[in-house]
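Worksheet for the structure shown next.
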Amino acid sequence: MSPLGPISPLLSGASPLTKIDAPLPKLPTVHLGGVGSVPTEGFGKMLDGLVASVDAKQADAKALTQKVLLGDSDQLHQSVIAMQEAGVSFSLMVEVRNKLIESYQELMRMQA
Amino acid sequence: MNLITGIDVSASALSAQKTRLDVVAQNIANAQTTRTASGGPYQRQVVSFETELIKSQGTSGAGLQSVRVAQVTTDRTPGQQVYNPQHPDATADGLVTMPNVNLSQEMVDLITASRTYEANLSVVKTARQMASRTLDIGK
Amino acid sequence: MPVALSGTMVDPIFQSDNYVLARKLLDASVVRHQAIASNIANAETPGYQRVDVAPDFAEQLRAQLVSGDLAKGTQNLTPHLAEDPSARSVRPDGNSVDIEHELLAMNRNAVEHEYLTEIITQNIKQLKMAITGRSS
Numbered sequence: 000m001s002p003l004g005p006i007s008p009l010l011s012g013a014s015p016l017t018k019i020d021a022p023l024p025k026l027p028t029v030h031l032g033g034v035g036s037v038p039t040e041g042f043g044k045m046l047d048g049l050v051a052s053v054d055a056k057q058a059d060a061k062a063l064t065q066k067v068l069l070g071d072s073d074q075l076h077q078s079v080i081a082m083q084e085a086g087v088s089f090s091l092m093v094e095v096r097n098k099l100i101e102s103y104q105e106l107m108r109m110q111a
Numbered sequence: 000m001n002l003i004t005g006i007d008v009s010a011s012a013l014s015a016q017k018t019r020l021d022v023v024a025q026n027i028a029n030a031q032t033t034r035t036a037s038g039g040p041y042q043r044q045v046v047s048f049e050t051e052l053i054k055s056q057g058t059s060g061a062g063l064q065s066v067r068v069a070q071v072t073t074d075r076t077p078g079q080q081v082y083n084p085q086h087p088d089a090t091a092d093g094l095v096t097m098p099n100v101n102l103s104q105e106m107v108d109l110i111t112a113s114r115t116y117e118a119n120l121s122v123v124k125t126a127r128q129m130a131s132r133t134l135d136i137g138k
Numbered sequence: 000m001p002v003a004l005s006g007t008m009v010d011p012i013f014q015s016d017n018y019v020l021a022r023k024l025l026d027a028s029v030v031r032h033q034a035i036a037s038n039i040a041n042a043e044t045p046g047y048q049r050v051d052v053a054p055d056f057a058e059q060l061r062a063q064l065v066s067g068d069l070a071k072g073t074q075n076l077t078p079h080l081a082e083d084p085s086a087r088s089v090r091p092d093g094n095s096v097d098i099e100h101e102l103l104a105m106n107r108n109a110v111e112h113e114y115l116t117e118i119i120t121q122n123i124k125q126l127k128m129a130i131t132g133r134s135s
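Chains as they are written, first to last, in numbering that gives the first Met the number 0: chain A, 0 to 111; chain B, 0 to 138; chain C, 0 to 135.
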């Protein structure tokens, strides 16, 4: 015990790891139900899901940021993190859309 | 917008300590004043602090408390009486009542107030650094 | 059958244990700074008792981590201030604040804060890199 008394850590004995332990999400690999089934339905559903989650994150960020702007909350970090998360989700959606369009165009070229 | 955390609290402390410094400076300046506007020698003034609740936590835990000067009171203890018949304010017996200012006490107060002021300044500085790092998240 | 992704694509990172822990601890770090600010401001107020983050916050956080459902379980967990029962009052007016101790705690908290923002930043940067294929 130091003469100054214990400084209680926020979470004593918390893991000192800094490495990120979650697996990185892979870009979508849609599993086709059977040989020859067209993947458009899967992509449609997936895009819907993506849009919904991006919407949710944007709404979160908007709400938190507004609270800080109005002075109702002093949780600056929550607003910043929410905005970053919303940005990343949005960016993911854009990349998925780009890849899908590329694939579609590729497909059209093959069929032409 | 309240972007720098805890700044209201620290600002209140800086203000309170500044007031205290002013009062101590006044005491020191008047350590020899034997005649004031209201007659009689200067009496030292003392600052007292109290908390002020700025954010209550509702049912759980403590609220956030800033500080303010409760009041500036006059110390009524009589000062020393010094034998000095030549002094313009001497009584018939040649006694002069000096202000009740103890210079070493005032110097200690001065140093304490300064140190506390500096400590609160460093709290604000740290909070500002924290805000700055927060804004860099993800970049 | 199409894979129903429904918004779980970025969540593996954003719901990962260390990320959620870092976010919650960041909340606590901010509250802790407010506590220290209050303590230093009131270092000479008669009868003032030092405050800190209530210890049950860390306990609950750890319990939720062990129980395995960190993200959901801690959604409403917020840190709040509580009087520090272990602080002894060394002054006749009952004030229990020791400025040196507070300044030390403040510096340590600032470093913790920096560490936590770093964890969050690295998570986000890695995700961005994975998505766009280039570092921003």
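Cβ coordinates follow ideal geometry from the N, Cα and C atoms, glycine included. For clarity, every value in this text was computed on a predicted model and none was experimentally measured.
Residue-chain proximity (residue i, chain A), Cβ-Cβ < 8 angstroms
{"i": "B/Gly137", "result": "yes"}
{"i": "C/Leu102", "result": "no"}
{"i": "C/Val209", "result": "With chain C running from 0 to 135 in the structure shown, residue 209 of chain C is simply not present."}
{"i": "C/Ile130", "result": "yes"}
{"i": "B/Met0", "result": "yes"}
{"i": "B/Thr133", "result": "yes"}
{"i": "B/Ala118", "result": "no"}
{"i": "B/Ala28", "result": "no"}
{"i": "B/Ala112", "result": "no"}
CB-CB length for residue i against residue j, believed under 8 angstroms
{"i": "A/Phe89", "j": "A/Val53", "result": "5 angstroms"}
{"i": "C/Ile35", "j": "C/Ala104", "result": "6 angstroms"}
{"i": "B/Thr33", "j": "B/Val100", "result": "The pair is not a contact, with the Cβ atoms about 11 angstroms apart (cut-off 8 angstroms)."}
{"i": "C/Leu20", "j": "C/Leu64", "result": "7 angstroms"}
{"i": "A/Gly70", "j": "B/Met0", "result": "5 angstroms"}
{"i": "B/Asp88", "j": "B/Arg43", "result": "With a Cβ gap of about 18 angstroms, B/Asp88 and B/Arg43 do not count as contacting."}
{"i": "B/Gly5", "j": "B/Ala126", "result": "6 angstroms"}
{"i": "B/Met97", "j": "B/Val81", "result": "6 angstroms"}
{"i": "C/Glu58", "j": "B/Arg132", "result": "The Cβ separation is near 27 angstroms, so there is no contact."}
Spatial neighbours of residue i in its chain, beta-carbon cut-off 6 angstroms, leaving aside the 5 residues before and after
{"i": "C/Ser137", "result": "Not covered by the structure: residue 137 of chain C. The range shown for chain C is 0 to 135."}
{"i": "B/Ala112", "result": "Gln16, Arg19, Leu20"}
{"i": "C/Tyr18", "result": "Asn122"}
{"i": "C/Leu80", "result": "Ala34, Val50"}
{"i": "B/Asn119", "result": "Ser9, Ala12, Leu13"}
{"i": "B/Thr72", "result": "Val45"}
{"i": "C/Val110", "result": "none"}
{"i": "A/Leu46", "result": "none"}
Any chain C beta carbon closer than 8 angstroms to residue i
{"i": "A/Glu94", "result": "yes"}
{"i": "B/Ser11", "result": "yes"}
{"i": "B/Gly5", "result": "yes"}
{"i": "B/Val23", "result": "no"}
{"i": "B/Val68", "result": "no"}
{"i": "B/Leu63", "result": "yes"}
{"i": "B/Val8", "result": "yes"}
{"i": "B/Ala126", "result": "yes"}
{"i": "B/Val122", "result": "yes"}
{"i": "B/Thr115", "result": "yes"}
{"i": "A/Gly35", "result": "Low per-residue confidence applies at A/Gly35: pLDDT is 44, beneath 50, and the placement is therefore not dependable enough to give any value."}
With 16 other Cβ atoms within 10 Å as the buried cut-off, status of residue i
{"i": "A/Lys56", "result": "buried"}
{"i": "B/Asp216", "result": "The first residue shown for chain B is 0 and the last is 138, placing residue 216 of chain B beyond what the model contains."}
{"i": "A/Val34", "result": "Legend: pLDDT at A/Val34 = 42, less than 50; position of this residue unreliable, no value from coordinates given."}
{"i": "C/Asn106", "result": "exposed"}
{"i": "A/Glu101", "result": "exposed"}
{"i": "B/Pro84", "result": "exposed"}
{"i": "C/Asp97", "result": "buried"}
{"i": "B/Gly137", "result": "buried"}
{"i": "B/Asp135", "result": "exposed"}
{"i": "A/Ser36", "result": "With a pLDDT of only 47 at A/Ser36, under 50, the local geometry of the prediction cannot be trusted, and the value read off the model is given with reservation. The residue in question, A/Ser36, is exposed, as its Cβ has fewer than 16 Cβ neighbours within 10 Å."}
{"i": "A/Met82", "result": "buried"}
{"i": "B/Tyr41", "result": "buried"}
{"i": "C/Asn75", "result": "exposed"}
{"i": "C/Asp83", "result": "buried"}
{"i": "B/Ile110", "result": "exposed"}
{"i": "C/Asp68", "result": "exposed"}
{"i": "A/Ala62", "result": "exposed"}
{"i": "A/Ala51", "result": "exposed"}
8 angstroms Cβ cutoff, residue i in contact with chain B
{"i": "C/Gln59", "result": "no"}
{"i": "C/Gln33", "result": "yes"}
{"i": "C/Ser95", "result": "no"}
{"i": "C/Ala40", "result": "yes"}
{"i": "C/Ala62", "result": "no"}
Cut-off 7 angstroms between Cβ atoms - residues of its own chain near residue i, not counting five sequence neighbours on either side
{"i": "C/Gly93", "result": "Pro45, Gly46"}
{"i": "C/Arg31", "result": "Asp51, Val52, Asn108"}
{"i": "C/Ser37", "result": "Val50"}
Beta-carbon contacts of residue i that lie in its chain and below 8 angstroms, excluding the five residues immediately before and after
{"i": "B/Gln31", "result": "Met97, Pro98"}
{"i": "B/Lys54", "result": "Gly62, Leu63"}
* Asked: When Cβ atoms are compared, which residues of the region 42-70 of chain A fall closer than 7 angstroms to chain B?
  -> Sequence-ordered contacts of the region 42-70 of chain A with chain B read Val67, Leu68, Gly70 [C-beta pairs closer than 7 angstroms].
* Using Cβ-Cβ distances below 7 angstroms, what residues of the region 80-109 of chain A are close to chain C? -> Flagged, chain order: Ile80, Gln83, Glu84, Val87, Ser88, Ser90, Leu91, Glu94.
* **Interface positions of the region 43-56 of chain C facing chain B (Cβ-Cβ less than 7 angstroms), listed along the chain** => Listed by position along the chain: Glu43, Thr44, Tyr47, Val50, Ala53.
* To do: Identify each residue in the region 13-25 of chain C for which the Cβ-Cβ distance to at least one residue of chain B is less than 7 angstroms, and report them in chain order.
  => Answer set for the region 13-25 of chain C: empty.
* Asked: In the region 112-126 of chain C, which residues sit with their C-beta less than 7 angstroms from some C-beta in chain A, listed in chain order?
  -> Only Ile118, Ile119, Gln121, Asn122, Ile123, Gln125, Leu126 from the region 112-126 of chain C bring a Cβ to less than 7 angstroms from some Cβ of chain A.
* **Near-chain B residues of the region 66-89 of chain C (beta-carbon distance less than 8 angstroms), N- to C-terminal order** => Listed by position along the chain: His79, Leu80, Ala81, Glu82.
* Going along the chain, which residues of the region 88-112 of chain B sit with their C-beta nearer than 7 angstroms to a C-beta in chain C? -> Going along the region 88-112 of chain B in chain order, one finds no residue with a Cβ nearer than 7 angstroms to chain C.
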